[in-house]
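Residue numbers (the working numbering): 5 to 417.
Everything on this sheet refers to the single structure shown next.
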């Protein structure tokens with residue numbers, strides 16, 4: 005079967021994932037929007053939290069859409085929806101309008117685009133899924149870094165509304181062009197890959213469906229671990245720019261720190277995927293938790309003392325630790341619960357992202373509004389990350405259904 009040239013789809017997917025990183029641009033808009041409307045930090049923090057919730061919804065929606073319409077049609081839908089969302093955000097005059105334009109429309113569009121890009125490109129690489137997924141995720145970090153280096157300076161010369169319009173034009177153009185170059189592999193290639201997966205699944209000890217996993221301690225341990233680590237990472241991404249400015253760092257430099265965090269987030273996904281293979285999943289999960297905890301503590305302590313260098317140091321560690329969550333969740337879901345119902349089970353674990361967006365970015369914004377400081381929230385998230393490292397020690401592979409039945413029949417514990 006001729007699949008020569010399949011790596012070009014990685015390049016196309018990488019370009020599309022640059023736009024996925026645009027969702028992290030919100031941190032750059034917080035201060036100018038607050039200054040114009042007089043909104044509080046908890047109100048603007050809710051914009052990002054809702055966007056993450058709708059992003060999760062877009063990921064779930066994207067799967068059936070791709071199967072029904074194909075990647076090119078879905079790319080058109082996502083590109084137009086994202087462009088409309090960003091353009092609408094430039095016209096808002098109320099919080100509700102901002103929640104609809106940025107949180108709902110942009111969040112959904114990015115979620116659909118995320119799923120469409122990864123699902124399509126990975127189908128070409130059943131033999132290199134981990135590597136290809138890691139390469140694509142680097143694109144999100146690079147996209148955020150581009151925002152920090154090239155887009156943030158635009159705020160000196162134009163209004164935040166104009167910047168939204170520029171992002172709308174760029175994102176829609178990139179997605180509508182690059183998306184038309186995406187296509188699924190030949191049917192015979194997909195059938196061969198599916199047959200291989202079916203054989204592997206048949207050899208598995210047990211495939212747990214979503215009803216099975218909801219009663220497993222391993223599921224709830226993984227869900228909590230994911231929730232606690234992601235809460236810190238989302239908070240840093242959503243607040244690092246306004247926090248940095250309040251420490252006397254320029255908005256441009258703080259935006260660069262946001263990009264650095266996003267880049268090391270992507271790097272962490274590749275790094276911890278490798279560490280899990282070499283040192284084991286439990287080791288990688290504990291290390292990701294501790295790395296995030298140290299980074300959050302550094303975020304509270306270093307920037308007021310060291311300025312930009314302290315902010316960058318904290319961003320690097322948080323990015324690496326936060327990035328380590330996705331490969332671990334993916335690997336554990338497949339290894340513990342089987343591959344037959346992977347999509348549904350992975351989606352269940354990923355619901356923690358929505359909860360994390362509330363107890364992380366939104367709660368941090370609320371505390372900032374009430375107390376005038378970020379410090380308490382950062383230390384709280386440090387503790388959550390440390391607790392997650394303890395939880396990781398107790399996440400063990402569930403017994404198979406055969407073992408469970410034998411235990412019940414024999415009357416043993």
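The beta-carbon is built from N, C-alpha and C at its ideal position, and this holds for glycine as well.
Item                                                                                                     : Value
CB of residue 114 within 8 Å of CB of residue 67, strictly                                               : no
Collapsed DSSP secondary structure at residue 219 in the structure displayed                             : coil
For residue 427, the first and last residue of its enclosing alpha helix (DSSP H)                        : Nothing can be reported for residue 427: it is not among the residues displayed for the chain, which extend from 5 to 417.
Nearest candidate by alpha-carbon position, reference residue 299, set 337, 233, 255 and 283             : 233
8 Å contact criterion, which residue 55 and residue 111 should meet: CB distance rounded                 : 4 Å
Three-pair Cβ contact test at 8 Å for the stretch 276–295 versus the stretch 316–333                     : yes
Nearest-angstrom beta carbon gap, residue 136 and residue 125 [assumed within contact, 8 Å]              : 6 Å
Rounded C-alpha distance that separates residue 106 from residue 31                                      : 12 Å
Secondary structure, alpha helix (DSSP H): runs of 4+ residues fully inside the stretch 113–182          : 133–150 and 164–182
The alpha helix (DSSP H) enclosing residue 399, as first and last residue numbers                        : Looking at the DSSP string, residue 399 is not in any alpha helix (DSSP H), and its letter there is neither H nor E.
Between the CA atoms of residue 261 and residue 18 - distance to the nearest angstrom                    : 22 Å
Identity of the residue in 311, 266, 225 and 212 nearest residue 252 by Cα                               : 311
For residue 365, the three-state DSSP class (helix, strand or coil)                                      : helix
Residue environment, residue 417, which counts as buried when at least 16 other CB atoms sit within 10 Å : Residue placement at residue 417 cannot be trusted, given a pLDDT of 34 that sits under 50; the coordinates are not used to answer.
Endpoints, the alpha helix (DSSP H) within which residue 18 is located                                   : 11–24
Three or more C-beta pairs below 8 Å linking the stretch 175–186 and the stretch 77–86                   : yes
CA nearest to the CA of residue 146, picked from 349, 28, 246 and 403                                    : 28
Length at least 4, wholly inside the stretch 266–311: the alpha helix (DSSP H) runs in chain order       : 285–305 and 307–310
Complete alpha helix (DSSP H) runs within the stretch 33–77 (minimum length 4 residues, chain order)     : 45–73
Euclidean distance between Cα positions of residue 70 and residue 53                                     : 26 Å
Where residue 238 sits in the DSSP three-state scheme                                                    : helix
Backbone CA spacing between residue 207 and residue 389 [nearest angstrom]                               : Model confidence at residue 207 stands at a pLDDT of 45, short of 50, so the residue's coordinates are unreliable; what they give is reported in the following sentence. Roughly 36 Å separates the two Cα atoms.
Interface flag, residue 341 vs chain D, CB-CB below 8 Å                                                  : Any reference to chain D falls outside this structure, which holds one protein chain only.
Residue 175 and residue 90 closer than 8 Å at C-beta                                                     : yes
Distance between residue 21 and residue 205 (C-alpha atoms, nearest Å)                                   : The predicted model places residue 205 with a pLDDT of 49, which falls under 50 and marks its position as unreliable; any figure quoted below should be read in that light. The straight-line gap from Cα to Cα measures roughly 30 Å.
Where the alpha helix (DSSP H) containing residue 342 begins and where it ends                           : Note, residue 342: premise wrong, no alpha helix (DSSP H); not H, not E.
Alpha-carbon spacing of residue 97 relative to residue 37, whole angstroms                               : 10 Å
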